[in-house]
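Novice: Before I ask anything, here is the structure I am working with.
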Amino acid sequence: MKKLRSIPLYTALAGRAVLAGCILSGCVLLSGCRKNLLDVQPTNLLTQDELFSSPAGVTAYFASLYADLPIEDFGFCNGTFESFPANGTGYLADWTDESSEGLGTQAIGLNNNTYDNIYAGIRNVNFFLQQVRLVPGLDPTVVAQYIAEAQFIRAYDYFELVKFYGGVPLLTMPQDKPTPLPRNKEVEVWNQIKSDLDSSAAGLPATSDYGRANKYVALALEARAMLHAASVGKFGDPAVLTATQGINGVDAATAQTYMQAAYQAAQTIINAGVYSLYMQYPQDLSQNFQYLFYQCGPGQTNPEAIFCRGYDYAATASIGGTHNQDLMVLPYAIESPSGYGDRLQPSLDMAELFENVDGSPHQLGGAGQVLQYYHFPTMAAAFAKKDPRFAGTIVATGTYFRLDTITSQRGVIVGGQEIAGSTYAQYYNPAAKTFSQNQSAGSIVGTGNSDYSQYPFWLKKWTDPVTPRAALNPWTSLTSWMDLRYGEVLLDYAESSFELGHPPAEAQQALNLVRARAGILPIADPGYVTEDTIRHERLVELSFENKTYWDYIRWRTLTTYFNQRQIYACRVFYDMDTHDYVFYKINDIEGPRTYTSKQYYFDLPGQDFASDPLLVHNPGY
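Note that our numbering has the sequence shown beginning at 1443, numbered continuously upward.
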């Protein structure tokens, strides 16, 4: 396995992301590679006149537009971008049932600066679109491509805003911020996103440098955005649309148009045959799924990656480094010398979503069926028959990860009675009936070498399996973020096809491509393709990619699925009577989670109401 190689990169003033590389067609290495356009001087070293007086200045300004993209990657935490996760309870996974680490649904929210920061990005795009045509000496073909890319960036910005807030003031000309302007209808914002992406896809080439948009990047974002918009109209409450006069919600007829647009965008990518599912390690499908998210950096070949944000510590150390993924999610037993660890641990609910390889469900028990003992000969045996994506996504107790077997054991069972330990990595002495940090004659392992209480899972997806953990300190993780990938496109295609009423065999084919790569039994009969089947596949395939929360939002199931919903964890004991391991389900300590209908949108920041009297609140705020 090759380490991420160091190459000349443009380091972004506005963040820690690295936009670079000389790779075409997403992350697929092709011939004809040209010098990296984004390897240029940062814009903070140039005046405004210098920026638009020469092609070099334009390139510097343009690079900053990409750097400011509000990509919900490793740094999106606590409701803001480029955030240090602190206690690790503000990840999008914590806002759903993916993680056991959340503070509950009342703790979710956006940082007040998020709204203004995204509008600052839109302001810069609009200014660029106004000025780029006036730059002396800039080739018209280059100008046209710049414009198409800038439209992609603006669509991305507005997609974030409309997801967060619904209808927002729509600006397509330079302006500091939307003051004082009324909010546009939600469909007007979606229409602008679609228009920008249609123009972008038409004006961009089929290939691009790493970290830049091409035709298929624009289409992949269009498939994602239009599927979201269509779902809001199909599953949303029409009363909200009426009550807000269109500021929140999408009408049914327009939703159908958006669903067709999502389908066509995904179909175009599939038919082009440029991208394919990652299959670098067919002999180990769990490793294959794990490395899909590791081998997506600058200089690496990944046929599934459509659009990535690259990270490289050596190139960004002077401005603060990269991100903190490994620091936060590594199990306690192998945590960084800087500490942290155990900050984003999957819930039992998430683990149970993964089917067995034969397609059968695998659970420790039904909903509410807590404290029932399940015996396994080893810790690893409890989840050994699962879909290989499980072991590619999650480190389960008793399994090998980064040169260690990571275990989570609460204590021992003696004579049918549970005896819990009090800390990590203790030994139990049966004669003395005590726990100790030291192993003695006759003693056995009493507690796990990592979290010994109730969380026997840790996140593997997005982690670095190569870099020594001694080097994993704050802002040093090397894993890049794959924002748009072919696997998601296939799932977008399957869902939009089904919702449009196409023959279910069409969705079945796309779903089975994803399942075949995973190594799980295919769906044999198109009659088994249902809305639930498609949604389940998304929840498993896209888990911990910051998609699940938004799927619940657009399906409008956040309030039904999380209506006093109890999230589950489990405990593990070694049974000295039966000489095996006992697993059982418990209620997560965070308690039940409930969302209210107002939380399908966040409210605009309070300071903006003070400066813009034309704004109105979202319902319920």
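Where is the CB? At the ideal position from N, CA and C, for every residue including glycine. All values reported here derive from a predicted model rather than from experimental measurement.
(1) From A1502 to A1509, what distance separates their C-alpha atoms?
(2) Report all residues from its chain with a CB closer than 6 Å to the CB of E1591; omit the five preceding and five following residues, and keep chain order.
(3) At what residues does the alpha helix (DSSP H) containing I1995 begin and finish?
(4) Compute the Euclidean distance between the alpha carbons of P1872 and G1884, then round it to the nearest angstrom.
(5) So, under 8 Å CB-CB, Y1897 and S1850 are touching, yes? Tell me the CB distance rounded to an integer number of Å.
(6) Count the other CB atoms within 10 Å of the CB of V1908; is the residue buried (16 or more) or exposed (fewer)?
(7) How is the beta strand (DSSP E) around A1822 delimited, first residue to last?
(8) What's the gap between the Cα of S1718 and the Cα of G1888?
(9) Decide if Y1842 is buried, meaning its Cβ has at least 16 other Cβ atoms within 10 Å, or exposed.
(10) Could you check what DSSP says for S1878 in three-state terms: helix, strand or coil?
(11) Do you know offhand how far A1459's Cα is from R1911's?
(12) Based on Cα-Cα distance, which residue from T1865, S1728, F1749 and C1750 lies nearest to R1831?
(13) Taking DSSP as the reference, what is the three-state secondary structure of G1781?
(14) In chain order, what residues of the same chain have a beta carbon less than 6 Å from the beta carbon of L1734, not counting five sequence neighbours either side?
(15) Take I1595 as the anchor and find which of G1609, N1626, P1582 and K1636 has the nearest alpha-carbon.
(16) Please report the residue range of the beta strand (DSSP E) in which G2062 lies.
(17) Between the C-alpha atoms of E1937 and V1854, what's the straight-line distance to the nearest angstrom?
(18) Report the start-end ranges of each beta strand (DSSP E) in the region 1655 to 1682 that is 3 residues or longer and not cut off at the edges.
(19) Take every Cβ of the region 2040 to 2048, pair it with every Cβ of the region 1924 to 1937, and state whether three or more of those distances are shorter than 8 Å.
(20) If we ignore side chains and look at the alpha-carbon of each, how far apart do L1466 and M1924 end up?
(21) If distances are taken between C-alpha atoms only, which option among G1890, T2002, D1846 and G1858 comes closest to T1865?
(22) State the beta-bridge partners of Q1859 as determined by DSSP.
(23) List the whole-angstrom C-beta distance separating Q1767 from F1516, where the pair is believed to meet the contact cut-off of C-beta under 8 Å.
(24) Return helix, strand or coil for K1445, following the three-state DSSP convention.
(25) On the DSSP bridge list, what partners appear for D2017?
(26) Name the DSSP beta bridge partners of F1899, please?
(27) Kindly indicate which three-state DSSP category K1827 falls into: helix, strand or coil?
(28) Please classify T1926: does DSSP put it in a helix, a strand, or coil?
(29) For W1997, which residues in the same chain have their Cβ closer than 8 Å to its Cβ, ignoring the five residues on either side in sequence?
(30) How would you write the range of the beta strand (DSSP E) that D1846 sits in, first residue to last?
(31) Output the boundary residues of the alpha helix (DSSP H) element that contains F1731.
(32) Between the Cα of L1914 and the Cα atoms of P1773, H1804, S1895 and V2024, which residue gives the shortest distance?
(33) In the DSSP assignment, what residue or residues form a beta bridge with Y1869?
(34) With a threshold of 8 Å, are at least 3 pairs of Cβ atoms found where one atom belongs to the region 1681 to 1700 and the other to the region 1897 to 1906?
(35) Could you tell me the alpha carbon to alpha carbon distance between G1969 and E1983, rounded to whole angstroms?
(36) By how many angstroms is the C-alpha of Y1869 removed from the C-alpha of M2018?
Specialist: By the coordinates alone:
(1) 11 Å
(2) A1655
(3) Note, I1995: alpha helix (DSSP H), T1990 to W1997.
(4) The straight-line gap from Cα to Cα measures roughly 7 Å.
(5) 7 Å
(6) exposed
(7) Segment: none, A1822 is in no beta strand (DSSP E) and carries neither H nor E.
(8) Roughly 47 Å separates the two Cα atoms.
(9) exposed
(10) strand
(11) A caution first: A1459 carries a pLDDT of 37, below 50, which makes its placement in the model unreliable, though a value can still be read off. So the alpha carbons of these two residues sit roughly 22 Å apart.
(12) S1728
(13) strand
(14) If the five residues before and after L1734 are omitted, its C-beta is found closer than 6 Å to the C-beta atoms of Y1720, all from its own chain and listed in chain order.
(15) K1636
(16) No beta strand (DSSP E) holds G2062; DSSP gives it neither H nor E.
(17) Straight-line Cα distance between these residues: approximately 47 Å.
(18) none
(19) no
(20) Residue placement at L1466 is flagged as unreliable, the pLDDT there being 23, under the threshold of 50; a coordinate-derived value is accordingly withheld.
(21) G1890
(22) V1856
(23) 5 Å
(24) Low confidence applies to K1445: its pLDDT is 24, below 50, so where it sits in the model is not reliable, and the reading given next is rough at best. Reduced to three states, the DSSP call for K1445 is coil.
(25) I1855 and D2022
(26) BP columns for F1899 point to A1838.
(27) coil
(28) Just to set this straight, residue 1926 is Leu in the shown sequence, not Thr. Judged by DSSP in its simplified three-state form, L1926 adopts strand.
(29) S1673, F1677 and R1977
(30) D1846 to I1848
(31) L1727 to L1734
(32) P1773
(33) S1878 and V1887
(34) With contact defined as three or more Cβ pairs closer than 8 Å, the region 1681 to 1700 and the region 1897 to 1906 are not in contact.
(35) G1969 and E1983 have their C-alpha atoms some 21 Å from each other.
(36) Computed Cα separation, rounded: 13 Å.
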